[in-house]
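Trainee: Below: one structure in structure tokens.
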DNA sequence: TAATTAATTTGGTATATACCATTAATGTAG
DNA sequence: CTACATTAATGGTATATACCAAATTAATTA
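Chains as they are written, first to last, in the working numbering: chain A, 10 to 249; chain B, 10 to 249.
Dropping the structure here:
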């Protein structure tokens with residue numbers, strides 16, 4: 010189970026192993042994990058190394074410890090993606106609905122002033138513009154416009170953007186994704202939103218803008234999403 | 010500086026000491042911290058104990074480590090309060106505006122069904138209801154309604170609620186505050202919102218609901234805030 | 001002088017050990 | 001059987017030590 014010769018740290022191997030068992034259902038929410046000393050003996054590693062693995066998973070809220078009792082699988086694991094923010098896809102699945110996307114357009118366009126500012130690039134620099142409608146049970150829920158620096162993120166296809174943008178950036182381009190800032194705003198639907206969301210005039214929409222950065226702080230992505238206010242709410246989970 | 014006999018763990022004492030130096034400006038953003046070995050020798054404690062303190066501060070983003078170089082004070086420390094979410098007061102100050110509150114009412118009322126559900130109490134149980142308008146430069150920005158379990162949080166006054174609710178709960182009642190869930194929604198202003206926010210009919214408002222829990226998961230507070238959409242946006246900072 | 005190499009310093013990983021505090025299980029006296 | 005004390009198990013804190021990997025600095029060589 011644990012390869013001491015591997016260049017991957019032991020504590021990290023153990024982390025992945027525990028996470029995998031949680032995902033597979035071998036460890037169920039509420040269950041007690043084997044004790045630290047038990048793990049150490051079983052895997053023939055130091056208890057402190059076990060603690061390091063468990064501490065990380067506690068910080069990520071997969072587990073929680075109770076002194077004198079043990080370590081337990083956390084009941085509900087929220088955030089899979091960006092901290093605490095439920096993604097549209099996950100959220101819809103959680104509500105028992107089937108999420109889907111409809112691509113409207115995928116092209117390279119020159120960045121307008123405001124966008125160029127957000128992405129910290131020169132005006133008219135090339136950016137990928139991806140427009141799509143997000144649906145649940147084939148009902149339009151949101152209009153999403155994604156803008157990505159073309160000079161920074163090269164070789165994008167509509168397919169990558171729709172399925173695995175972040176993996177592509179980290180695994181294929183070798184870049185590291187950092188933090189993001191997100192902004193919520195309420196507005197009245199404009200013409201484009203009326204059209205794609207199929208809602209009546211003067212409907213309120215929940216506008217969400219996100220600027221995502223690389224590890225070094227370089228912004229590479231701006232996402233502007235307009236959600237139907239009558240059908241969607243953002244749920245957020247916050248820590249102290 | 011460090012009291013080994015104290016019941017407060019050494020690593021925690023060191024954490025507080027470092028945080029205090031950052032706040033006082035003795036350590037400035039971008040500065041390198043003394044090395045782990047240096048700290049250990051200086052304070053006559055183990056390097057591993059120093060690491061534990063620093064690791065916690067790294068997790069809280071006060072510090073960041075660079076292998077081979079050192080540990081540095083993080084440039085910008087975001088979230089002071091709940092993770093990444095800018096509070097109204099802080100946000101307004103950051104924009105150079107003067108925030109203020111106007112108390113509309115402070116009373117104990119029986120919980121309605123929906124509220125009772127959120128607070129996990131029986132219907133008609135007593136709850137504090139605090140209504141106030143939040144202003145910036147004396148212009149109404151939001152209508153805020155706070156509901157707090159009266160059986161759980163005793164002895165509240167309007168003054169406490171307005172100034173230091175969380176400190177009161179933790180320091181005076183000895184309870185520990187845990188996580189919170191937050192929800193964003195766009196609606197059209199209702200009559201109450203029209204009145205207090207002084208906006209025209211059919212104006213969109215950004216509705217924010219927050220449920221705050223104690224450390225053990227017991228919900229104790231529900232906050233429902235209606236923000237003028239034309240004057241306020243929620244800014245959020247997300248981690249990976 | 002410039003380029004290379006070696007040594008030093010830094011954080012990263014891992015082990016072994018010790019004792020404390022809380023909780024749960026066990027044993028014991030009434 | 002109950003109430004209390006004891007014991008065992010668990011996570012929490014702390015130390016000492018060792019070696020690795022990346023970055024910097026110093027020394028050496030061409």
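Built from N, CA and C at the ideal position, the CB exists for glycine as well. None of these values were measured; they are calculated from a predicted model.
In or out: residue 143 of chain A buried (at least 16 other Cβ within 10 Å) or exposed?
Mentor: Flag for residue 143 of chain A reads buried.
Trainee: Name the chain A residues that come within less than 7 Å of residue 244 of chain B, Cβ to Cβ?
Mentor: Correct list: 190 and 192.
Trainee: Count the C-beta pairs between the region 140 to 159 of chain A and the region 198 to 212 of chain A that are closer than 8 Å, then say yes if the count reaches three, no if not.
Mentor: Yes, they touch.
Trainee: Could you please give the first and the last residue of the uninterrupted beta strand (DSSP E) stretch that includes residue 190 of chain B?
Mentor: From DSSP, the beta strand (DSSP E) with residue 190 of chain B extends over 186 to 197.
Trainee: Which residues mark the beginning and the end of the beta strand (DSSP E) in which residue 27 of chain B is found?
Mentor: Segment 19 to 33 is the alpha helix (DSSP H) holding residue 27 of chain B; no beta strand (DSSP E) there.
Trainee: Between the C-alpha atoms of residue 50 of chain A and residue 58 of chain A, what's the straight-line distance to the nearest angstrom?
Mentor: Going by the C-alpha atoms only, they are around 12 Å apart.
Trainee: Can you give me the start and stop residues for the beta strand (DSSP E) that residue 201 of chain A sits inside?
Mentor: Unbroken run through residue 201 of chain A is the alpha helix (DSSP H), 200 to 206; no beta strand (DSSP E).
Trainee: Who are the neighbours of residue 213 of chain B on chain A, taking C-beta pairs under 7 Å?
Mentor: Per Cβ cutoff of 7 Å: 195, 196, 197 and 213.
Trainee: Give me, in chain order, the residues of the same chain whose beta-carbon lies closer than 7 Å to that of residue 74 of chain B; leave out the 5 immediate sequence neighbours on both sides.
Mentor: Only 67 and 80 meet the Cβ criterion.
Trainee: Extract the residue ranges of the beta strand (DSSP E) inside the region 106 to 174 of chain B, only unbroken runs of 3 or more that lie entirely within it.
Mentor: Listed in chain order, the complete beta strand (DSSP E) runs (minimum 3 residues) inside the region 106 to 174 of chain B are 108 to 119, 135 to 145 and 148 to 158.
Trainee: Buried or exposed for residue 32 of chain B, please, with buried defined as at least 16 other CB atoms from any protein chain shown within 10 angstroms of its CB.
Mentor: Flag for residue 32 of chain B reads exposed.
Trainee: Please state whether DSSP places residue 46 of chain B in a helix, a strand or coil.
Mentor: Residue 46 of chain B falls in the helix class under three-state DSSP.
Trainee: Helix, strand or coil, according to DSSP, for residue 76 of chain B in the structure here?
Mentor: If DSSP states are grouped into helix, strand and coil, residue 76 of chain B belongs with coil.
Trainee: Please confirm if residue 238 of chain B has its CB atom under 8 Å from at least one CB of chain A.
Mentor: At least one chain A Cβ lies under 8 Å of residue 238 of chain B.
Trainee: At the 8 Å Cβ level, is residue 53 of chain B part of the contact set with chain A, yes or no?
Mentor: Cβ-Cβ to chain A under 8 Å: no for residue 53 of chain B.
Trainee: What residues from chain B crowd round residue 207 of chain A, counting only those whose CB sits closer than 7 Å?
Mentor: Those within 7 Å of residue 207 of chain A in chain B number zero; the least Cβ separation is about 17 Å.
Trainee: For residue 84 of chain B, which residues in the same chain have their Cβ closer than 7 Å to its Cβ, ignoring the five residues on either side in sequence?
Mentor: Closer than 7 Å at Cβ, skipping near neighbours: 38 and 39.
Trainee: Measuring only the C-alpha atoms, how far is residue 178 of chain A from residue 234 of chain B?
Mentor: For residue 178 of chain A and residue 234 of chain B, the distance between alpha carbons rounds to 38 Å.
Trainee: Going by other Cβ atoms of all chains shown within 10 Å of its Cβ, with 16 needed for buried, is residue 104 of chain A buried or exposed?
Mentor: Per the 10 Å Cβ criterion, exposed.
Trainee: Helix, strand or coil for residue 92 of chain B, going by three-state DSSP, please let me know.
Mentor: With a pLDDT of 49 at residue 92 of chain B, under the threshold of 50, the modelled position of this residue cannot be trusted; read the value that follows with caution. Residue 92 of chain B falls in the coil class under three-state DSSP.
Trainee: Distance check for residue 165 of chain B and residue 171 of chain B, CA to CA, integer angstroms please.
Mentor: Cα to Cα, residue 171 of chain B sits roughly 10 Å from residue 165 of chain B.
Trainee: Can you give the Cα-Cα distance for residue 69 of chain A and residue 62 of chain A, rounded to whole angstroms?
Mentor: Residue 69 of chain A and residue 62 of chain A: Cα-Cα distance of roughly 11 Å.
Trainee: When you compare the CB positions of residue 158 of chain B and residue 130 of chain B, do they come within less than 8 Å of one another, or not?
Mentor: Yes, the Cβ-Cβ distance between residue 158 of chain B and residue 130 of chain B is below 8 Å.
Trainee: CB-CB under 6 Å to residue 154 of chain A, same chain, minus the five flanking residues each way: which ones, in chain order?
Mentor: Closer than 6 Å at the Cβ level, and outside the excluded window around residue 154 of chain A, lie 140 and 233.
Trainee: Give every residue of the same chain whose Cβ lies closer than 7 Å to the Cβ of residue 185 of chain A, excluding the five residues on either side of it in the sequence, and list them in chain order.
Mentor: The answer, listed in chain order, is 179, 223 and 224.
Trainee: If the cut is a Cβ gap below 9 Å, which residues of chain B does residue 68 of chain A touch?
Mentor: Chain B residues near residue 68 of chain A: 68.
Trainee: Which same chain residues end up closer than 6 Å to residue 169 of chain A when comparing Cβ atoms and leaving out the 5 residues on each side of it in sequence?
Mentor: Correct list, in chain order: 177.
Trainee: How would you call residue 213 of chain A, buried or exposed, if buried means at least 16 neighbouring beta carbons within 10 angstroms?
Mentor: Buried: at least 16 other Cβ atoms inside 10 Å.
Trainee: What is the C-beta distance between residue 108 of chain A and residue 115 of chain A, in whole angstroms, given that I count them as a contact (C-beta under 8 Å)?
Mentor: The pair is not a contact, with the Cβ atoms about 19 Å apart (cut-off 8 Å).
Trainee: For residue 243 of chain B and residue 242 of chain A, which I take to be in contact (beta-carbon distance under 8 Å), what is that distance rounded to the nearest angstrom?
Mentor: About 13 Å; that fails the 8 Å criterion.
Trainee: Would residue 128 of chain B and residue 228 of chain B qualify as a contact pair, given that the criterion is a beta-carbon distance under 8 Å?
Mentor: A contact, by the Cβ cut-off of 8 Å.
Trainee: Residue 221 of chain A bridges to which residues according to DSSP?
Mentor: Bridge partners of residue 221 of chain A: A:189 and A:230.
Trainee: Please confirm whether residue 219 of chain B and residue 191 of chain B have their CB atoms less than 8 Å apart.
Mentor: Against a cut-off of 8 Å, the Cβ pair of residue 191 of chain B and residue 219 of chain B comes out as a contact.
Trainee: Between residue 10 of chain A and residue 42 of chain A, which are expected to be in contact by the criterion C-beta below 8 Å, what is the C-beta distance as a whole number of angstroms?
Mentor: Between residue 42 of chain A and residue 10 of chain A the Cβ distance is about 15 Å, and since that is not below 8 Å, they are no contact.
Trainee: In chain order, what residues of the same chain lie with their CB nearer than 6 Å to the CB of residue 216 of chain A, ignoring the 5 residues before and after it?
Mentor: Around residue 216 of chain A: 194, 196 and 235.
Trainee: Among B:137, B:148, B:239 and B:29, which has the Cα closest to the Cα of residue 231 of chain B?
Mentor: Cα-wise, what sits closest to residue 231 of chain B is B:137.
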